[in-house]
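Single-structure report; data block below.
Residue numbers (my numbering), protein chains in the order written: chain A, 98 to 206; chain B, 176 to 493.
This is the structure:
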């Protein structure tokens, strides 16, 4: 189920919304044709609600926004990158479980 | 600490788990399916499934799994989105400690943990995972438009995915350690007719090499150990699968050398009340249709077990 806590970010918004973000930000690079990406969608939604106010949870559709994944050398999805103070501090590829993603966010808080 | 109790717990939401869930829910067994992602199974990464009966025009792996999930939910299958941290399967009460701290107990369990792509375990494979090393052509193919890439393996998955990758890549080199493919004839014919696909036979990949931007080449070892370097920007590995058995009590569950679980024809494992279905089972052929079949049989067997051993709780559906 989609919810409005997840921030959908485009190439042109990435700098302002993610890099300049005061909160640590988990970014899910995904595409609509990727089954594993869709399978973790509900997990991402849950995380966005649980960490509301503490961390930002964002999604970048790599089909519509090729520049940002290119910049971070992403050649596989889903890839999840944790940003803190504008820096990529952690990265994981593949449909992982919620506990792993929670651990990644907690480390950056 | 109170634990939620169910008659049956199903571990895993791929074709085996969802079919078991459908059968159990229709039999009014109070069932919980536990799965760490919303839709699951190795089928997810298949762009097009052409051999599942009833889908004459083919169906995407994701769509098939979504339909199976909806089908089971229509009959009231309960699902929990969580990872399992610990299994206790030996006593009459089966106990599952979840990663979120919850505990679930059940009278019977069907293990549909499935399998995952096997790794080659060569230098560079882990380092470049997600930066040129991939195990999912549907997910990652579009990143290789007009590039030269490699596929490792010679089975159905390898050849099917190599064919799928022709939509994106300029050239695909299939590297196989034998002199002929194991893939089914129809796939072989299609692959041999495809201009973008080249084959390198009797050859193994020794290392994945690259730099800051990701994979740049593969180090290959051919007949007689002759080494060569194949420049590619990506490599897709399809060299078989390994069971998701890490947390299972393998010392008391009978299993084969590779760690896949042995069951009888009724899908019963060596432990009473513990059944297994799908790719986690030791078997010769792994197809979506026989994973689903395993799931159905396991649910019927679990129902029979519950009636025999827990007759008083048999109509306690929620």
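Think of the CB as a built atom: it goes at the ideal place given N, C-alpha and C, for glycine as much as any other residue.
Within chain A, the C-beta atoms nearer than 9 Å to that of residue 313 of chain B come from 130, 131, 132, 133, in chain order. Counting along the chain, the unbroken alpha helix (DSSP H) around residue 243 of chain B starts and ends at 236-249. Separation of the CB atoms of residue 240 of chain B and residue 216 of chain B is rounded to 6 Å, and the pair is thereby assigned contact status at 8 Å.
Linking residue 336 of chain B to residue 346 of chain B through their CA atoms gives a straight-line distance of about 13 Å. Counting C-beta atoms within 10 angstroms of its own C-beta, residue 182 of chain B has 16 or more neighbours from the protein chains shown and is therefore classed as buried. Relative to residue 324 of chain B, the option among B:238, B:470, B:316 whose CA is nearest is B:316.
Per DSSP, residue 158 of chain A lies in no alpha helix (DSSP H) segment; the continuous beta strand (DSSP E) that holds it begins and ends at 153-158. Interface flag for residue 109 of chain A against chain B is unset, since no Cβ pair is found closer than 8 Å. By the 16-neighbour rule on beta-carbons within 10 angstroms, residue 255 of chain B is buried.
The beta-carbon separation of residue 159 of chain A and residue 174 of chain A, rounded to 6 Å, stays under the 8 Å limit for a contact.
Closer than 7 Å at the C-beta level to chain A, one finds these residues of the segment 380-397 of chain B: 388, 389. Per the coordinates, the alpha-carbon of residue 180 of chain B lies some 22 Å from the alpha-carbon of residue 244 of chain B. Any Cβ of chain A closer than 8 Å to the Cβ of residue 278 of chain B would place that residue at the interface, and such an atom is absent. Nearest CB-CB separation between residue 187 of chain B and chain A: not below the 8 Å threshold. Between the alpha carbons of residue 390 of chain B and residue 435 of chain B lies a gap of roughly 33 Å. Using beta-carbon distances, residue 156 of chain A does not count as an interface residue toward chain B, since no partner is under 8 Å. Taking C-beta separations shorter than 6 Å and ignoring five residues to either side along the sequence, the partners of residue 114 of chain A in its chain run 106, following chain order. Residue 134 of chain A carries a helical assignment under DSSP once its states are collapsed to helix, strand and coil. Secondary structure at residue 479 of chain B: helix, using DSSP grouped into helix, strand and coil. For residue 211 of chain B, the nearest CB of chain A lies under 8 Å from its own CB, placing it at the interface with that chain. CA-to-CA, the gap between residue 427 of chain B and residue 445 of chain B works out to about 7 Å. Residue range 195-205 is occupied by the alpha helix (DSSP H) that includes residue 198 of chain A. Cβ proximity to chain A below 7 Å picks out 211, 212, 213, 214, 215, 219, 220 from the segment 207-234 of chain B. Boundaries of the alpha helix (DSSP H) harbouring residue 367 of chain B: 360-368, taken from the DSSP string. CA-CA distance, residue 404 of chain B to residue 383 of chain B, rounds to 10 Å. In the three-state scheme derived from DSSP, where H, G and I count as helix and E and B as strand, residue 394 of chain B is classed as strand. DSSP places residue 166 of chain A outside any beta strand (DSSP E); the residue lies instead in the alpha helix (DSSP H), whose first and last residues are 164-168.
Among the CB atoms of chain A, one or more fall inside 8 Å of the CB of residue 304 of chain B.
The beta-carbon of residue 421 of chain B is placed no less than 8 Å from the nearest beta-carbon of chain A.
Residue-level contact by beta carbon holds for residue 309 of chain B and chain A, with a gap shorter than 8 Å.
Per DSSP, the continuous alpha helix (DSSP H) segment holding residue 334 of chain B begins and ends at 331-340. For residue 236 of chain B, a Cβ of chain A is located within less than 8 Å of the residue's own Cβ. Scanning A:126, A:176, A:184, A:140 for the CA closest to the CA of residue 120 of chain A turns up A:184.
When B:212, B:474, B:303, B:443 are compared, the shortest CA-CA separation from residue 392 of chain B is found for B:303. Interface annotation, residue 136 of chain A: in contact with chain B, CB-CB separation under 8 Å. In the DSSP assignment, residue 176 of chain A falls within the unbroken beta strand (DSSP E) covering 176-181.
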